[in-house]
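Just so you know, we're using the numbering used here here: the sequence shown kicks off at 7 and counts up by one.
Virtual Cβ for every residue (Gly too), placed ideally from N, Cα, C.
Each remark here refers to the structure printed beneath this line.
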Amino acid sequence: MENNNRKKDIAIVGISGRYPKSATINEFWEHLKNGEELVHFYNDDELRAVGVSEENLANPNIIKAQAFLEDPNSFDYSFFGYTKQEAMSMDPQIRMMHEQVWTGLEDAGYNPKKYKDKIGLYLSASDNMNWRAYTMISNNENINSFFLNQISNENFISTLISYNLNLRGPSYYVDTACSSSLVAVHQACRSLLMRECSIAVAGGVRIYSKPYKGHLYQEGMTNSNDGHCRAFDKDSSGIVSGEGAGVVVLKRFEDAIKDNDQIYAVIRSSVVNNDGNRKVGYTAPSINGQYECIKQAHQIADVTPESITYIEAHGTGTKLGDPIEIEALNKSFGYNTNHHCAIGSVKTNIGHLDVAAGITGFIKTTLALKNKMLPPSLHFKNPNPEINFKSGPFKVQTELSNWISDNNQPLRAGVSSFGIGGNNAHVILEEAPIKNKITEDNSYKLLRFSAQSLGSLNAYQEKLVSFLETNENDSLQDMAYSLQVGRNQFKYNRFLVSNSKEKALEILKDSLSTALYSGKLDQKRKIVFMCTGSGAQYKNMGRDLYENEPYFKQLMDEGFSIIKELTGVEVSKILYKENTDQEERFDINKNEFTQPIVFVFEYALAKLMMHWGIHPDKLIGHSTGEYVAACLSEVFSFETGVRLVAKRALLMNKSRKGSMLSVSLSEEKIKAYLNDNVALAVVNSPESCVLSGTEDAIEGLMEIFEAEEILYSKLKISLGGHSFLMDSVLEEFRQELENVEFSALKIPFVSNLTGQLITADEAKSAQYWIDHLRRTVRFSDGLATLLKEPNSIFIEVGPGNTLTTLFQQQNHDQAANNTAINLIRHPKQEINDQEHLLIKMGELWLNGLDINWEVYYGAQKPYRVSLPGYVFNKTKLPVKVNPFDLLNFSGSENNTTITRFALEHFDDNEAFKEDLDENVVSFVNYVAPTNETEEKLVEMWKTFFSKNEVGILDDFFALGGNSLKGVTMLKLIQKIFDIDIKIKDFYQKSTIKELASEIDMRLKFVVNLEEESSYKSVMTI
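The following block contains the structure:
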């Protein structure tokens, strides 16, 4: 297939929708493919229940059919930050499009919360005067009247959603009657080509707010006489009404290719025009108007009519409309009877969706191109004799068939939508180019998902299992990547690491699996890298990373090259290859190799993390590890660091022989065992130290500790670091240090000598690094210094978990909420290094830290693919309403009363029940009210924010308040307490405790004024 794609082509990269009997786009496509009519025919009892009279039930011209949405009253308002009262007053169409726009962007693989470029929004919604009347009459005091006007009015649909999702491109409400949503697509394409945005979302929605009571058939009008839309058929009599919502996500084609986006189909051109007065009346269609629109679309698309093999028609099934549409098409195709082009109308499946009709036909055709199948157009048996089928290429598609291209040309289609008043829209679509296949390897992938509630998280896991079981086309890597870059992170999180779909499915389906990790988001503010010292190394540490991570290998090889230059030894063979008999003298645990290898390994690992976007705010090293910290802080260069550490190791080997002993005693208690032959080398934790001394002295201590039943462990090392045994090599090390060009530190790090942040002068001082070799390592004090800052995550960038273990041994303030993780497996763990590291990336994600996945994948960037969308919580909100039911007339205007907005009829606590448990993340401790004012405010806020629990320390704005909500709440406070509080005072005292104090003070002041006024009155008398 040869695609001749151009710079002005537009890619369709995401789709979402809700249609009758179709909760998802995939379900909708299955119904279309199977030729199913999704219209519901009501029985009399159903219509009686909504108040249809017996007279109307008996009227043969009342047609009891409609294609309606199931569950249109559900809206996960909490997900989008609305209160329940706001959601109840919001136009149901606006509610639904919040979810559909979000789902469409997810389908495209883009997270609007993190997308840096502009996203434009172009939406249509049916007029809903009935709903506006309902909200005006219902008198909801919990919503600011100004804001109420916006959320109940479909005209604000785009700007409300743009504000909520932070979409910063153009935001249009499009209204050209029935063609609105296809005109929205046209506007979106224009904005992309004008570079007003980088992503454009277009769509339309139609939800009835009136209870359905049947439609009246009248000869010559647009409504069908039997509840079926029989487009192009001789028995056609018009439309049946339907509900639905559809959204498409668009990008410039060249950008979509560059970004490895999934592409459903390509828009070659879109054109919009108006009939003018070239027709019999304002509401009538025009042959010339439609012809000019379609012909221009062909010209802009740079395609011949003969290359188009399907038309998704406006196809209303009206006696006037269908013949005119086919005549305009015939003219556009040059009355070519040698060409064959199928034609159909989705209205035969779901009726006419008003402003959402155009986007629905557009989506149907896009899916047909993607699947290379033409679904049937229903109810066509014999052509309408008024239609001139004989003079053109068109034949109604009456059965499902494969869509096969001619002469290796791409499949092409046209989509039409025509509006009352003469606004015509036509779009030329082309099948997407075949994407290059990326061979699936057996490398490990991090598969993760997140939700705002535990119920949604569990439901999403079920959807993911079903998807993995049925999807054969997309690779696990593409799926993992799409979840990593295209989904937002919420409160509840879950992840797994796998190298195959089969293994991933096994983990997801096993409720007891230890390979499925779950946790609540625990946002960390600070990152600390902990650099391990010598002693934790082991053969083949990080080997899988060395073989699979090019950036890590590059830095490791650079370090190995420097070590070889200094020592003549190929240390990569010591670390990663089996030693031959001649190489047995080269052992990774020999100090002259251990220190430089550990230094290079940790530096490469830390730089890999920084390369991926995880940057430390502070650093701490353990002995040799402090050299890594200094190098990362740019106190000296990588090459200098390798040379220093290698020289340090050689000098330590030249020192007097000694031994080192780890002892489970505090620094205070271990002092009793120190003498001229034994020194305190390291303070690891409050209950763990390391002694250094002569071999005989250490052997003697081991006997004492054995007798006193004190836990100890002799280190596998034949020297006495950080003690008097180093004195003989200090001068030679000074000479080496005096040749070093030190620089100002860039990242703060903790000094092993003081346990405090190192000063700028210390870091650049040769004497400091001499003392560092000789004196006690106060690692425990250093950790204690860093642990004073709460909400920090400590990342061990070295082999094993030595420092993570020492971190756990510290005296922690639980409220500080600090965490530590190790990136490299312990030598006794039998797990692939890459698998282990990705698990740790998952743990970082649980702590609110994410890597740059674009950098992670580099040139091997996967494709974005369509995955199941977010599972929104189900709620029950009003949709079908009669404003006049809220009015209770007692016979005179003066006695008219208004029924208040009733919350109790719409209970959705079940949907959010998991958020009520005591383990839900909260940044404020619950404190109960202590007086009457606080009790009143608590009840007001619980109602206002639809919360089951509000404490006096909760902040109005932290709970989801904003300026408009603040004005509304202030009016309620003024009404309940009968006092005057200024808005600025409310903003400054935004917790219940502060606000109650301010109210009580003002009430007391009012009482005092009243008493004073009363006293003055008495005195006057």
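Notebook entry, point to check: With respect to the beta strand (DSSP E) encompassing R196, which residues constitute its N-terminal and C-terminal limits?
Noted result: Position 190 of the sequence shown, counting from 1, holds the residue named residue 196. Looking at the DSSP string, R196 is not in any beta strand (DSSP E); the run it does join, the alpha helix (DSSP H), is S186 to L199.
Notebook entry, point to check: For K532, does the three-state DSSP call read helix, strand or coil?
Noted result: Numbered from its first residue, the sequence shown carries residue 532 at position 526. Strand, per DSSP.
Margin query: Along the chain, where does the alpha helix (DSSP H) containing K846 start, and where does it finish?
Written below: Walking along the sequence shown from the start, residue 846 turns up at place 840. Its alpha helix (DSSP H) spans residues D839 to L852.
Next item on the list: Can you have a look at Q224 and say buried or exposed, based on whether 16 or more other CB atoms are within 10 angstroms of its CB?
Entry: In the sequence shown, residue 224 corresponds to position 218, counting from 1. Exposed is the call here.
Item checked: Validate contact between the region 208 to 223 and the region 243 to 259 using beta carbons, cut 8 Å, 3 pairs -> The count of Cβ pairs closer than 8 Å, one atom from the region 208 to 223 and one from the region 243 to 259, reaches three, so the stretches are in contact.
Checklist line | Paired residues, beta bridge with G420 - DSSP | finding: In the sequence shown, the residue the question calls residue 420 occupies position 414. G420 is bridged to I317 and I434.
Next item on the list: Closer than 6 Å by C-beta to A1002: which residues in its own chain qualify, once you throw out the five before and the five after it? Chain order, please.
Entry: By 1-based counting over the sequence shown, the position of residue 1002 is 996. If we look at A1002 and ignore the five residues flanking it on each side, its Cβ neighbours are T939, E940 and L943.
Check: Sorted by chain position, which residues of the same chain lie with C-beta nearer than 7 Å to F424's C-beta, five sequence neighbours on each side aside?
Finding: As a position in the sequence shown, residue 424 is number 418, starting the count at 1. Hits under 7 Å: C184, S185, P291, Q296, H320 and N430.
Checklist line | Distance between M946 and L965 (C-alpha atoms, nearest Å) | finding: In the sequence shown, the residue the question calls residue 965 occupies position 959. In the sequence shown, the residue the question calls residue 946 occupies position 940. Whole-angstrom Cα-Cα distance: 13 Å.
Notebook entry, point to check: Counting only runs that start and end within the region 773 to 815, where is the alpha helix (DSSP H) found for 4 or more residues in a row?
Noted result: Complete alpha helix (DSSP H) runs here, min 4: 785 to 793 and 808 to 814.
Item checked: Contact under 7 Å by Cβ, S275 with I434 -> Translated into the one-based positions of the sequence shown, residue 275 becomes position 269. Translated into the one-based positions of the sequence shown, residue 434 becomes position 428. Cβ distance < 7 Å, so S275 and I434 count as in contact.
Check: Buried or exposed: where does E60 fall if 16 or more other Cβ atoms within 10 Å of its Cβ makes it buried?
Finding: The residue you call residue 60 lines up with position 54 of the sequence shown. It counts as exposed.
Next item on the list: Drop a sphere of 10 angstroms on the beta-carbon of M94, count the other beta-carbons inside from all chains shown, and report buried for 16 or more, exposed for fewer.
Entry: Here residue 94 is taken as the residue at index 88 of the sequence shown, counted from 1. With a threshold of 16 other beta carbon atoms within 10 Å, M94 meets it and is buried.
Next item on the list: With a 10 Å radius around its C-beta and 16 neighbouring C-beta atoms as the bar for buried, classify T182 as buried or exposed.
Entry: Translated into positions along the sequence shown, residue 182 becomes position 176. Of the residues assessed, T182 falls on the buried side of the cut-off, its CB having 16 or more other CB atoms within 10 angstroms.
Note to self: If distances are taken between C-alpha atoms only, which option among E715, C195, S215 and T630 comes closest to I306?
What the structure shows: Along the sequence shown, one-based indexing puts residue 306 at 300. Of the candidates E715, C195, S215 and T630, the one whose C-alpha sits nearest the C-alpha of I306 is C195.
Margin query: Distance check for N888 and A271, CA to CA, integer angstroms please.
Written below: As a position in the sequence shown, residue 271 is number 265, starting the count at 1. As a position in the sequence shown, residue 888 is number 882, starting the count at 1. Going by the C-alpha atoms only, they are around 42 Å apart.
Checklist line | Alpha-carbon to alpha-carbon, K13 and A262 | finding: Here residue 262 corresponds to residue number 256 of the sequence shown, with the count starting at 1. Here residue 13 corresponds to residue number 7 of the sequence shown, with the count starting at 1. Using only the alpha carbons, I get a separation of about 11 Å.
Next item on the list: Starting from the N-terminal side, write out each stretch of the alpha helix (DSSP H) that is 4 residues or longer and does not extend beyond the region 718 to 757.
Entry: Listed in chain order, the alpha helix (DSSP H) runs fully inside the region 718 to 757 are 736 to 743, counting runs of at least 4 residues.
Notebook entry, point to check: Going by Cα to Cα distance, which pick from S524, Y121 and A821 is closest to S204?
Noted result: The residue you call residue 204 lines up with position 198 of the sequence shown. Nearest of S524, Y121 and A821 to S204, Cα basis: Y121.
Check: When we look at the beta-carbon of T520 and count the other beta-carbons within 10 Å, is it buried (16 or more) or exposed?
Finding: Numbered from its first residue, the sequence shown carries residue 520 at position 514. Of the other Cβ atoms in all chains shown, fewer than 16 fall within 10 Å of the Cβ of T520; this residue is therefore exposed.
Notebook entry, point to check: For the beta strand (DSSP E) that I293 lies in, which residues bound it at each end?
Noted result: Residue numbering aside, residue 293 sits at position 287 when the sequence shown is read from its first letter. It is not in any beta strand (DSSP E) - I293 instead sits in the alpha helix (DSSP H) that spans I293 to A307.
Next item on the list: Whole angstroms is fine: what's the gap from D267's alpha carbon to W859's?
Entry: As a first step, residue 267 is located in the sequence shown; it is residue number 261 there, counting from the start. As a first step, residue 859 is located in the sequence shown; it is residue number 853 there, counting from the start. D267 and W859: Cα-Cα distance of roughly 15 Å.
Check: Since A457 sits in a beta bridge, which residues does DSSP pair it with?
Finding: The residue labelled residue 457 in the question sits at position 451 within the sequence shown. A457 pairs with Y498.
Next item on the list: Please report the residue range of the beta strand (DSSP E) in which T520 lies.
Entry: Here the question's residue 520 lines up with position 514 in the sequence shown. For T520, there is no enclosing beta strand (DSSP E), as DSSP marks it with neither H nor E.
Margin query: Which residues does DSSP list as the beta-bridge partners of V272?
Written below: By one-based count along the sequence shown, residue 272 stands at place 266. V272 is bridged to A17 and E436.
Check: Rounded to a whole number of angstroms, what is the C-alpha to C-alpha distance between N824 and T782?
Finding: Within the sequence shown, residue 824 is the residue found at index 818, counting from 1. Within the sequence shown, residue 782 is the residue found at index 776, counting from 1. Taking the straight line from one Cα to the other gives about 26 Å.
Notebook entry, point to check: Anyone know if the C-beta pair for D239 and H385 falls short of 7 Å?
Noted result: Your numbering for residue 239 matches position 233 in the sequence shown. Your numbering for residue 385 matches position 379 in the sequence shown. With contacts defined as CB atoms closer than 7 Å, D239 and H385 qualify as a contacting pair.
Margin query: Only counting the same chain, and skipping five residues up and downstream in sequence, which positions put a Cβ closer than 7 Å to that of Q840?
Written below: Within the sequence shown, residue 840 is the residue found at index 834, counting from 1. Within the same chain, Q840 has close Cβ partners S449, Y450, D550, L551 and N554.
Check: With 16 other CB atoms within 10 Å as the buried threshold, where does F565 fall?
Finding: What you label residue 565 is simply residue 559 of the sequence shown in a count that begins at 1. The residue you asked about is not Phe; residue 565 is Gly in the sequence shown. Burial of G565 is indicated by the presence of at least 16 other C-beta atoms within 10 angstroms of its C-beta.
Next item on the list: Report yes or no: do the region 600 to 609 and the region 633 to 645 share at least 3 C-beta pairs separated by less than 8 Å?
Entry: Between the region 600 to 609 and the region 633 to 645 there are three or more C-beta pairs closer than 8 Å, enough to call the two in contact.
Next item on the list: Compare the beta carbon distance of T646 and V503 with 7 Å and say whether it is the shorter of the two.
Entry: For the purposes of this step, residue 646 is taken as residue 640 along the sequence shown, with counting starting at 1. For the purposes of this step, residue 503 is taken as residue 497 along the sequence shown, with counting starting at 1. Result no, Cβ atoms of T646 and V503 do not sit closer than 7 Å.
Check: Mind checking E899: buried by the 16 CB within 10 Å criterion, or exposed?
Finding: Taking the first residue of the sequence shown as position 1, residue 899 is located at position 893. Low confidence applies here, because E899 scores a pLDDT of 45, under 50, leaving its location unreliable; read the following figure in that light. Taking all protein chains shown into account, E899 has fewer than 16 neighbouring C-beta atoms within 10 Å of its C-beta and is therefore exposed.
Margin query: Can you tell me whether V544 is helix, strand or coil according to DSSP?
Written below: Locating residue 544 in the sequence shown gives position 538, counting from the first residue. What sits at residue 544 in the sequence shown is Tyr, not Val. Three-state DSSP puts Y544 in coil, outside helix and strand.
Check: Would you call Y341 buried or exposed, if buried means 16 or more other Cβ atoms sit within 10 Å of its Cβ?
Finding: Within the sequence shown, numbered from 1, the residue matching residue 341 stands at position 335. With fewer than 16 Cβ atoms within 10 Å of its Cβ, Y341 is classed as exposed.
Next item on the list: Give the straight-line distance between the Cα atoms of L1033 and G126, rounded to the nearest whole angstrom.
Entry: This structure cannot settle anything about residue 1033, because the visible part of the chain is limited to 7 through 1027.
Check: Quick one: what's got a C-beta closer than 6 Å to S383's C-beta in the same chain, skipping five residues either side?
Finding: Within the sequence shown, residue 383 is the residue found at index 377, counting from 1. Answer for S383: G350, S351, T354, V402 and Q403, listed in chain order.
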